[in-house]
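Before any comments, here is the structure.
Number of protein chains: 2
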Amino acid sequence: MTDESSTQDVARDPAQNSAQHPAATGRRATIWEVARAAGVSHQTVSRYLRNDAKMRPETVARIRTAVRDLDYRPNLTARSMRTRRSGRIAVLLPAVATYGPPQILSGVMEVAHEHGYTIEAFSVEGGPAERFERVLELADSGQVEGVLALAPLPPESEHRFPDRAAIVVSADYDDEFRGVGELADGSPVAELVEQLAALGHRKFLHVTGALDFASARGRRDVFVQTIERLGLGPALVHESDWSAEGGRAAVHTLPERDHPTAIIAASDVGAAGVVLGARERGWSIPGDLSVTGWDNNQLGAYLQPTLTTVHVDHRKLGRAAMARLVATLRPGGAPEAGPGSGTTTPEPPLNTIIWRESTGPVS
Amino acid sequence: MTDESSTQDVARDPAQNSAQHPAATGRRATIWEVARAAGVSHQTVSRYLRNDAKMRPETVARIRTAVRDLDYRPNLTARSMRTRRSGRIAVLLPAVATYGPPQILSGVMEVAHEHGYTIEAFSVEGGPAERFERVLELADSGQVEGVLALAPLPPESEHRFPDRAAIVVSADYDDEFRGVGELADGSPVAELVEQLAALGHRKFLHVTGALDFASARGRRDVFVQTIERLGLGPALVHESDWSAEGGRAAVHTLPERDHPTAIIAASDVGAAGVVLGARERGWSIPGDLSVTGWDNNQLGAYLQPTLTTVHVDHRKLGRAAMARLVATLRPGGAPEAGPGSGTTTPEPPLNTIIWRESTGPVS
DNA sequence: CCTTGCGATGTGATCGATCACCTCCTACCG
DNA sequence: CGGTAGGAGGTGATCGATCACATCGCAAGG
């Protein structure tokens, strides 16, 4: 990259030969050229750009015309350098995005844009340690004002962030489930179990996701707690990894007699595996076994039987995560600056259970 | 934001009171402080940072020590301002990301990082026109060196980009399918039709995706071409929108006698709708009707029957798109600088057809 | 009539790095 | 022994904006 940019022969003297139409020279107009065209000082143009109130309407009009004529747009890099505000937030995405729904990023971007921030997306190969290293580096580079981590960081990294630089909120994609106020992640599991118990189910099995995901741990924990709270004996948990094969294997480990009548899978794919395993064992669903998934995969409604699942509003999840970071960045502002997020309207839930054919009363 | 930063009382003279430990003051060290600590000029430090070869090892060592002691990291904003290189590429993502697999973003980020670029993700509410407006604005802001559009832009916008500013490659998520060299998007459709024709099918129906997506148009076009190339009469096309309901409706429009024996759906969800519709009409699959989907949805392998589909390597797709942009940004560099991308090893295909139970010989 | 106050604008410094150009010193050669 | 080339490093300008402070002009008050 050194040798290729050796010749910088573009418009050596921009103020002279391109006061009227710098676009023709291949360079954008600067604030000085606007000032000259409008017959004012550069500082006045700067005031105009910052919407400083105390200006004569005539001056404003002249500058506005000059800006339009020159097709001027402020150089945000230069502004950022002087103001020390980059208006940029880095978002750490999982490197292997086999998971990670795009809607969460949508929500993140929405809130960031609403507050005038731009998003710098990056991901890091390797494990939490490598990710953490890169996050620190980024936080110190002066390039970003905050870092939103949507991939797990080392557990102990929560408080090690250098607050002198960018403030970092570890909004681990999965930890976030538990963190968003009272809309805790596990709650759908509790509701699933309770509803199924109301249908007569007494013996439950949970097929987990990959337990290095906080969401998987959260669902498992709520499952165990709920089972114990309802006094339904020791909680049965089959550790898996989101996969269909894991769900299938879980079914095959069950005894022929007195097996669980309801299986809570941590993912739709896992649930599909459970359904397959049950079919292989000759069990009917939901006659012999009720099955629930998680994620609301679009095809879940077309499985046989159609799959009961948990729909997660990922966009809202992303919004909440970014809102938390933005609130941290603006200590003076309201803790929750999002419009319409008051306590007046009851928020639609983050998670919704979609009951379908794969669940039913115990027979 | 004006009144909150009125008092700038942090280290008015950084070189004096914080030469040794500027971190304690809450500000990062600058190149001048490093220079002072190392006993050299700021320019020498700059040379060190740029890995300029001609330096005495002793000088290098002194600077290295100073950098470490001060925990110095270059201010990338300042560098970018002077060099006029931001090292940043904006990526336009679809606003409503109900579609849009995250893997494509992974591939995009991978290639960008490999070439030293960072990614600025953004999306724009509204239609192609609004998106185009924002893209132009971004390209002119001097903040980014290129824009990669993964959402459709107005058709006529291909050549209107201001090459004086950032060079813009319109890599519409869908157009990209057709653009990546010989790995054209439509080819899987051709192969699907050909293989099914080899199984005896003579009458095909294509259920399209939303035709404002270039990928939907591409699949349809290849379908029509292939049908005509094989001399299988006028091509039957049912315009739909990726949805299951569209696929279902398509089936219900078919005549009872002499209906198509193979349906190529543009999406797995659409195919699921086709399967549902067929079941409602009492048609067996693949006995009376062969069905293919697209996307390789994880649950497709657990539908009944399991769904034949097209797996798209989205990561590679993203890599190709970004590689194209990067190649445009570096006119002097090799057209394809990616390591291991020579012609020596035959590339694994971008698209793979996964044959499952939903397709079979005509009966 | 002169001063004071304030609205409106101009002047110069500054952010933190790189670029263009200059200087110094040493080694080598005729 | 002097001249010169070139390695190594220094000096000041510069990128394009904002900030701090000075200045100008006009109206009101003593």
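Protein chains in written order, with UniProt numbering: chain A, 1 to 363; chain B, 1 to 363.
The beta carbon of each residue, even a glycine, is placed where N, CA and C say it ideally should be.
Chain A residues whose Cβ lies nearer than 8 angstroms to that of B/Ile119: Glu120, Ala121, Phe122
Alpha carbon of B/Ser46 to alpha carbon of A/Glu239, nearest angstrom: 54 angstroms
In chain order, each beta strand (DSSP E) run of at least 3 residues that lies wholly inside the region 74–101 of chain B: 88–93
Separation of B/Asp295 from B/Arg315, as counted between CA atoms: 13 angstroms
Whole-number beta carbon distance between B/Pro102 and B/Asn351, since they are thought to touch under 8 angstroms: That belief does not hold up - the Cβ atoms of B/Asn351 and B/Pro102 are roughly 18 angstroms apart, past 8 angstroms.
Start-to-end residues for the beta strand (DSSP E) that takes in A/Ile119: 118–123
Boundaries (first-last residue) of the alpha helix (DSSP H) holding A/Ala35: 31–38
Residue-chain proximity (B/Pro102, chain A), Cβ-Cβ < 8 angstroms: yes
Where A/Phe204 falls: helix, strand or coil (DSSP): strand
Contacts of A/Gln43 in chain B (Cβ-Cβ under 8 angstroms): Near A/Gln43 there are no residues of chain B at all, since even the closest Cβ is about 15 angstroms away, more than 8 angstroms.
Residue-chain proximity (A/Gly300, chain B), Cβ-Cβ < 8 angstroms: yes
The region 239–257 of chain A contacting the region 263–278 of chain B, beta-carbon criterion three pairs below 8 angstroms: no
When B/Arg219, B/Ala90, B/Tyr302, B/Thr77 are compared against A/Val269, the one with the closest alpha-carbon: B/Tyr302
Cβ of A/Leu70 within 8 angstroms of any chain B Cβ: no
Beta carbon proximity, A/Arg73 to chain B, threshold 8 angstroms: yes
Contacts around A/His311, its chain only, beta-carbon distance under 6 angstroms, and the 5 residues preceding and following it disregarded: Asn296, Thr352, Ile354
Counted within 10 angstroms of its Cβ, other Cβ atoms place A/Leu92 as buried (16 or more) or exposed: buried
Cβ of B/Ser187 within 8 angstroms of any chain A Cβ: no
Nonlocal neighbours in the same chain, by C-beta distance under 6 angstroms from A/Ile104, ignoring five residues either side: His314, Leu317, Gly318
B/Ala129 classed as buried or exposed, judged by whether at least 16 other C-beta atoms fall within 10 angstroms: exposed
Minimum C-alpha distance to B/Glu145 - residue among B/Ser358, B/Val291, B/Met322, B/Ala244: B/Met322
Minimum Cβ-Cβ distance from B/Arg28 to chain A less than 8 angstroms: yes
C-beta atoms of A/Ile264 and A/His201 nearer than 8 angstroms: no
Per DSSP, cross-strand counterpart(s) of B/Thr352: B/His311
Reference A/Ala121; option with closest CA among B/Ala112, B/Asn75, B/Arg257, B/Ile227: B/Ala112
The beta strand (DSSP E) enclosing A/Thr226, as first and last residue numbers: Looking at the DSSP string, A/Thr226 is not in any beta strand (DSSP E); the run it does join, the alpha helix (DSSP H), is 214–229.
Limits of the beta strand (DSSP E) - the one that B/Ile63 falls within: Element bounds for B/Ile63: not the beta strand (DSSP E) but the alpha helix (DSSP H), 57–70.
For A/Val124, the nearest candidate out of B/Ser123, B/Met109, B/Val124, B/Glu125 (CA to CA): B/Met109
Where A/Val269 meets chain B, residues with beta-carbon distance less than 7 angstroms: Gln298, Leu299
Own chain, CB closer than 7 angstroms to B/Ala37, minus 5 neighbours either side, in chain order: Ala19, Ala66, Asp69, Leu70
Outcome for B/Gly107 when other beta-carbon atoms lying within 10 angstroms are tallied against a minimum of 16: buried
Secondary structure, beta strand (DSSP E): runs of 3+ residues fully inside the region 239–297 of chain B: 262–265, 290–292
A/Thr292 at chain B interface by Cβ criterion, 8 angstroms: no
Closest by C-alpha distance to B/Asp140, when choosing among B/Gly218, B/His115, B/Glu191, B/Ser86: B/Ser86
Three-state secondary structure assigned by DSSP to B/Gln304: coil
Residues near B/Pro260 by beta carbon distance below 7 angstroms, same chain, minus five either side: Lys203, Phe204, Leu205, Leu236, Leu254
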